Amino acid sequence: MIDNREEDITFNWYNWGPLLCRFHITEKELEDVKNEINSDEKNRYDAKNILAGALKSQEGFSDYTRYNIFHILSKYFYIYTTHSMLDHAEMIENENFSMNEMHDKLHCSSMWINHMVAGEYNPLHSHSGEMSFVLYTELPEGIWSEIETTFEESLKRVPPGSIEFRYGTTNRHILKCITNKIFIPHVGDLFIFPNYLEHQVYPFQSDGTRVSISGNLSFRDDI
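Quick note on numbering: my numbering labels position 223 of the sequence shown as 1336, and the sequence is numbered without any gaps.
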């Protein structure tokens, strides 16, 4: 018999790759974000020509609203930044490094709102900046019935309206490891990820609109 007791073996697991985090914001934070969305409706600009999505409605926020929503979600950005920096030992070991200073330098360089309806989608793409995020604020009422029907037909089909993150090839027969993650978003879900992490959003056919807010984060050099 092989003795496979781990307590007798010295080892370390090394997991590497993009740092992807899924938060769920509070009801109060979600309400505050929605209030900002409603108050900014007349100040938004058409952003279809600068975004990747195959959507009719993609609008950029005013600087004022972008700042306010960033402030509402800032604790999640700081948590992500802290864990992200822990992966950069050379920065942490630098005697001039300050996590608080990095938090102070963090700002939202761009932010927009997507109104997705049946048949629309977001093709595989990446972002600018250093980190990116997407927050889901509304879902179509029939989306869960559509997802349930999809699973009943085939467990191999990608759920409608889901978001997929990819890093490297998706051919697991070659790498024998996980190179993508697929999520079914819920209202209040906040995903934060490196700007270079490719992702795409699959279409749904349910009536109604799915509303999401996306943005790019970077560190200011002038602070």
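Even for Gly, the Cβ is constructed at its ideal location relative to N, Cα and C.
Please read all numbers here as calculations on a predicted model, not as lab measurements.
Are the beta-carbon atoms of residue i and residue j separated by less than 8 Å?
i            : j            : result
residue 1245 : residue 1306 : yes
residue 1317 : residue 1281 : no
residue 1331 : residue 1214 : no
residue 1279 : residue 1237 : yes
residue 1167 : residue 1233 : yes
residue 1153 : residue 1123 : no
residue 1314 : residue 1295 : no
residue 1149 : residue 1182 : yes
residue 1229 : residue 1157 : no
With DSSP collapsed to three states, give me the class of residue i.
i            : result
residue 1331 : strand
residue 1315 : coil
residue 1336 : Unreliable placement is indicated for residue 1336, whose pLDDT of 49 sits below 50; no coordinate value is reported for it.
residue 1080 : With the chain running from 1114 to 1336 in the structure shown, residue 1080 is simply not present.
residue 1276 : strand
residue 1163 : helix
What does a CB cutoff of less than 8 Å around residue i pick up in its chain, not counting 5 residues either side in sequence?
i            : result
residue 1254 : 1319, 1320, 1321
residue 1293 : 1277, 1278, 1279, 1280, 1283
Leaving out five residues on either side along the sequence, give the residues of the same chain with a beta carbon under 6 Å from the beta carbon of residue i.
i            : result
residue 1325 : 1227, 1247, 1249
residue 1138 : 1301, 1303
Between which two residues does the alpha helix (DSSP H) holding residue i run?
i            : result
residue 1152 : 1140–1152
residue 1180 : 1176–1198
Between which two residues does the beta strand (DSSP E) carrying residue i extend?
i            : result
residue 1225 : 1219–1229
residue 1259 : Run containing residue 1259: none in the beta strand (DSSP E); it sits in the alpha helix (DSSP H), 1256–1266.
residue 1237 : 1235–1238
residue 1293 : 1293–1296
residue 1124 : Per DSSP, residue 1124 belongs to no beta strand (DSSP E) and is neither H nor E.
Tell me which residues share the same chain as residue i and place their Cβ nearer than 7 Å to its Cβ, disregarding the 5 neighbours each side in the sequence.
i            : result
residue 1310 : 1131, 1133, 1239, 1278, 1280
residue 1219 : 1190, 1194, 1330, 1332
Say yes only if the C-beta of residue i is nearer than 7 Å to one or more non-hydrogen atoms of the ligand ADP, and no if none qualify.
i            : result
residue 1255 : Looking for the ligand ADP in the displayed structure turns up nothing, as the structure carries no ligands at all.
Original post:
Should the region 1161–1171 be called in touch with the region 1216–1229, which here means at least 3 C-beta pairs below 8 Å?
Top reply: yes
**OP:** Would you check if there are 3 or more beta carbon pairs closer than 8 Å linking the region 1183–1197 to the region 1262–1275?
**Re:** no
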